[in-house]
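In what follows, a single structure is set out as structure tokens and then discussed.
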Amino acid sequence: MYFAGGSYELNTWFESQKYAKQMSQDGGDNPCIYEKGSNLSLGIEPGLVAYWKLDEGEGTTAKDSSGNNNDGTLKNGPQWIEGKVGMALEFDGNDDYVDCGSDSSLDITDELTVEAWIYPTAVPSGQGRTVVSRYHYHAPPTPDTGWNLGRVWGSDDWFRFRVEDGAGNRSWAVKSNFWSTYLNQWVHVVGVFKASEYIRLYINGELVDNNTTNVVSTIAYERPLVIGARANTTQSFFQGIIDEVRVYHRALSSSEIRRHYLATKGS
Numbered sequence: 110m111y112f113a114g115g116s117y118e119l120n121t122w123f124e125s126q127k128y129a130k131q132m133s134q135d136g137g138d139n140p141c142i143y144e145k146g147s148n149l150s151l152g153i154e155p156g157l158v159a160y161w162k163l164d165e166g167e168g169t170t171a172k173d174s175s176g177n178n179n180d181g182t183l184k185n186g187p188q189w190i191e192g193k194v195g196m197a198l199e200f201d202g203n204d205d206y207v208d209c210g211s212d213s214s215l216d217i218t219d220e221l222t223v224e225a226w227i228y229p230t231a232v233p234s235g236q237g238r239t240v241v242s243r244y245h246y247h248a249p250p251t252p253d254t255g256w257n258l259g260r261v262w263g264s265d266d267w268f269r270f271r272v273e274d275g276a277g278n279r280s281w282a283v284k285s286n287f288w289s290t291y292l293n294q295w296v297h298v299v300g301v302f303k304a305s306e307y308i309r310l311y312i313n314g315e316l317v318d319n320n321t322t323n324v325v326s327t328i329a330y331e332r333p334l335v336i337g338a339r340a341n342t343t344q345s346f347f348q349g350i351i352d353e354v355r356v357y358h359r360a361l362s363s364s365e366i367r368r369h370y371l372a373t374k375g376s
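Position in the sequence shown (first residue = 1) + 109 = our numbering.
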């Protein structure tokens, strides 16, 4: 409901109790406008450093809606398609991706959350399937750097959130039987890292792994942030649809992640 001037008090019952507590500011200029439903915008929250809604529907730019200007450039032709919330991008699993650059706002070393909706249409090949990444693989003995959400290589049924400290140490949280379970359906994936404390993986709003053993104290970076492939953009191409990619310089809580999932999952 919209009002021009005046003051109003509105009392109502929600017809669907599923959304009774899932209200959010709509992300526009007016702080008094709220919305609910399956196309719910989460707005700009504390610690948000990048937010690719992927709603453009045309062109070769994926706009960052966080205000940090981390706009992405489409490479090798990912296709605009109807997504989980508005529009999204479909990736062919061969060579397409989105290069979102390496601005200093993305050089997060202490608390990191990476979130996306995905619709996988193929299991990992021998080169894996990556959703979002700043991971760079080096042949031994040079240590790897960055982080990766997805399957960085191999063809097994795991899904991981993995971070590297650039000194040969790594930490990860993992879900087994992922690709076979969620093939050809929408699934909400979130990785959370807090230096020296924990690394977590959430699937559809639920915590599936909480690793607190020998968690690295930092993350080292060499590569830009990439959607749909490993950050060196030569392997681990995602096949399917990716939507609503968000990166936070903050370790989101379980309740926040659950709220995000419920607010955008639809019916």
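We put the beta carbon where it would ideally sit given N, CA and C, even for glycine. In this text the structure is predicted, and so the values were computed from the model without any measurement.
Please classify residue i: does DSSP put it in a helix, a strand, or coil?
i, result
"E331", "coil"
"T182", "strand"
"R367", "helix"
"A372", "helix"
"T287", "Sequence check: residue 287 is Phe here, not Thr. Looking at F287 - three-state DSSP - the assignment turns out to be helix."
"S362", "coil"
"L215", "helix"
"A338", "coil"
"T321", "coil"
"H245", "strand"
What is the C-beta distance between residue i and residue j, in whole angstroms, given that I count them as a contact (C-beta under 8 Å)?
i, j, result
"V158", "S175", "6 Å"
"D266", "S285", "6 Å"
"T169", "T327", "So it is not a contact: roughly 34 Å between Cβ atoms."
"G255", "A340", "6 Å"
"D216", "Y357", "About 14 Å; that fails the 8 Å criterion."
"S305", "V324", "6 Å"
"R332", "H245", "5 Å"
By the 10 Å Cβ neighbour count, where 16 or more other Cβ atoms means buried, how is residue i classified, buried or exposed?
i, result
"A171", "buried"
"H369", "buried"
"A276", "exposed"
"H247", "exposed"
"G166", "exposed"
"I366", "buried"
"E61", "Only positions 110 to 376 of the chain appear in this structure, which leaves residue 61 out of reach."
"T321", "exposed"
"S147", "Low per-residue confidence applies at S147: pLDDT is 45, beneath 50, and the placement is therefore not dependable enough to give any value."
"G300", "buried"
"N319", "exposed"
On the DSSP bridge assignment, give the partners of residue i in chain order.
i, result
"W295", "Answer by DSSP bridge pairing: none, since W295 is not bridged."
"W256", "V272"
"E306", "Paired residues: none, contrary to the question."
"L163", "DSSP output for L163 lists no bridge partner at all."
"F347", "For F347, which the question treats as bridged, DSSP gives no partner whatsoever."
"Y311", "V299 and L316"
"P229", "G349"
"R238", "R260"
"V465", "For residue 465 there is no data in the structure shown, the boundaries of the chain being 110 and 376."
Using alpha carbons as the reference points, say which of the options lies closest to residue i.
i, options, result
"I312", "V232, L258, V356 and V207", "L258"
"L198", "S214, S211, N177 and W226", "W226"
"G237", "Y228, G263, T230 and T222", "G263"
"N177", "T373, I153, V296 and F200", "I153"
"T251", "D164, G181 and N278", "N278"
Please confirm whether residue i has its beta-carbon closer than 7 Å to some beta-carbon of chain D.
i, result
"N313", "Among the protein chains of the structure shown there is no chain D, as only one such chain exists."
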